[in-house]
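Q: Take a look at this one; I'll ask things after.
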Amino acid sequence: MGSEMQGRRVPDAQARDRAAIDFVVIGAMRAGTTTLHTLLTRHGQIAMSRDKETDFFIATKNYGRGLDWYHAQFDAQRPIRGEASPNYSKRRDFPGVPERLLRHAPEARLIYVVRDPVARAVSQYGHQWNMGLIVDSPEQLAGTDEYRSLIDISSYARQMQAWLDHARSEQLLVVDFDQLVAQPQPQIDRILSHVGAAPMMLGTMAEHNSGAQLSRVPRPLLRLAQGPMRPLLTRVLDQRMRDRLRRLSAVGPRRRPPAFPPDLLARMRGDLAADAARFRQMTGMDFAHWSV
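Numbering (UniProt numbering), first residue to last: 1 to 292.
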């Protein structure tokens, strides 16, 4: 697959509109996409994007930068190109991504990493709270736009259907993050087979993008790194160096987000139950460890 895309065996008019991307990790947010991105950067055939989240196929983010900017994200010496942007599975917040991506890369392989839907939403809240991007307490969330966004992102069947409306079912691989952490080798074997890469033996595996580590980075530094400085940092520093800088910056006391009360967790399970049941039916996976 990678070599076919590198060969650009399409008419010139189509070639100019094609994104030279072989696979995309489409989400979900707070479900291990950073861990997977980091693992795949170890593979000698795979060029993961310089900026882990390019957000290129989102109209209101980087789409306007054009395909030349996008292609410059990848090491041209490696035959298989991949990226991981969890914003691609936020159908409510960023509509139109599946149509846009698959118009530019109709044969791209898709990887959707998921975890317990309630745990994912709670983790996202904690991440945004640590970043200072959300100030509402969990008790204030119910009925808000923020709550509706959390539920939508955890509605995996709804998110996946948007992709299946435009892609063949064999293009999309669903990965259970808990299995990826518990038994990484068979899951990486599945993923590499899906994207057409040679097998790779894993050494020790650590979860990346740890919430505990981020919670010790001063908020002003986090906002600076995720805001005006991000384009410069991603241009001059590779992912490994950016990870190292984040570790060195984690010097403050740990911030602990407020806990979700039992009644709110129960409401979330109720709001997600039907979608979780449909997702199990769509994937044929039981997700027996989920809370919903």
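By construction, the Cβ of each residue, glycine as well, lies at the ideal position given by its N, Cα and C atoms.
Using alpha carbons as the reference points, say which of MET160, ILE191, GLY32 and ILE21 lies closest to GLU83.
A: Nearest option by C-alpha distance: ILE21.
Q: Which whole runs of the alpha helix (DSSP H) in the segment 110-155 are 4 residues long or more, in chain order?
A: As far as the segment 110-155 is concerned, its whole alpha helix (DSSP H) runs of at least 4 residues are 117-131, 138-141 and 145-153.
Q: Would you say ARG30 and ALA105 are within 8 Å of each other, going by their C-beta atoms?
A: For ARG30 and ALA105, no; Cβs fall outside 8 Å.
Q: CA-CA distance, MET282 and LEU150?
A: Going by the C-alpha atoms only, they are around 21 Å apart.
Q: With which residues is ILE80 paired in a DSSP beta bridge?
A: BP columns for ILE80 point to ILE46.
Q: Is HIS289 near the ligand FAD - that is, is its Cβ less than 7 Å away from at least one heavy atom of it?
A: The ligand content of the structure shown is nil, which means the ligand FAD is not present either.
Q: Report yes or no: do three or more beta-carbon pairs, one from the segment 61-78 and one from the segment 114-129, lie closer than 8 Å?
A: The segment 61-78 vs the segment 114-129: no contact.
Q: Since LEU110 and VAL24 are thought to touch, with beta carbons under 8 Å apart, how far apart are those beta carbons, to the nearest angstrom?
A: The Cβ separation is near 6 Å, so the contact holds.
Q: What first and last residue would you give for the beta strand (DSSP E) that runs through VAL25?
A: Where VAL25 is concerned, the enclosing beta strand (DSSP E) stretches over 23-27.
Q: Is MET201 buried or exposed, if buried means 16 or more other CB atoms sit within 10 Å of its CB?
A: Counting Cβ neighbours within 10 Å, MET201 comes out exposed, since fewer than 16 surround it.
Q: Rounded to the nearest angstrom, what separates ALA288 and TRP69 at their Cα positions?
A: For ALA288 and TRP69, the distance between alpha carbons rounds to 42 Å.
Q: Taking the beta strand (DSSP E) that ASP176 falls in, what are its first and last residues?
A: Looking at the DSSP string, the run of the beta strand (DSSP E) that includes ASP176 is 172-176.
Q: Ends of the alpha helix (DSSP H) at MET200?
A: Careful: MET200 lies outside any alpha helix (DSSP H) and carries neither H nor E.
Q: CB-CB under 7 Å to PHE74, same chain, minus the five flanking residues each way: which ones, in chain order?
A: Here the set comprises ALA47, SER49 and ARG81.
Q: From HIS208 to HIS71, what does the alpha carbon distance come to, in whole angstroms?
A: For HIS208, the predicted model reports a pLDDT of 49, less than 50, meaning its position is unreliable; a value from the coordinates is still stated below. So the alpha carbons of these two residues sit roughly 25 Å apart.
Q: Measure the C-alpha to C-alpha separation of SER3 and PRO79 and round it to an integer number of angstroms.
A: The pLDDT assigned to SER3 is 41, lower than 50, so where the model puts this residue is not dependable; a value taken from the coordinates is nonetheless given after this. Roughly 6 Å between the two C-alpha positions.
Q: Would you report the Cα separation of VAL118 and GLN183, rounded to the nearest angstrom?
A: Taking the straight line joining both Cα atoms gives about 22 Å.
Q: So for VAL181, helix, strand or coil by DSSP?
A: Here VAL181 sits in helix by DSSP.
Q: Would DSSP call MET285 helix, strand or coil?
A: Three-state DSSP puts MET285 in coil, outside helix and strand.
Q: Cα-Cα, which of ALA277, PRO257, VAL97 and LYS52 is closest to ASP165?
A: Checking every option, the nearest Cα to that of ASP165 belongs to VAL97.
Q: Using C-beta distances below 6 Å, list every residue in its chain close to GLN159, excluding the 5 sequence neighbours before and after it, in chain order.
A: The residues are SER89 and ARG91.
Q: Is it buried or exposed for LEU192, if we count other Cβ within 10 angstroms and need 16 for buried?
A: It is buried - the Cβ of LEU192 has at least 16 other Cβ atoms within 10 Å.
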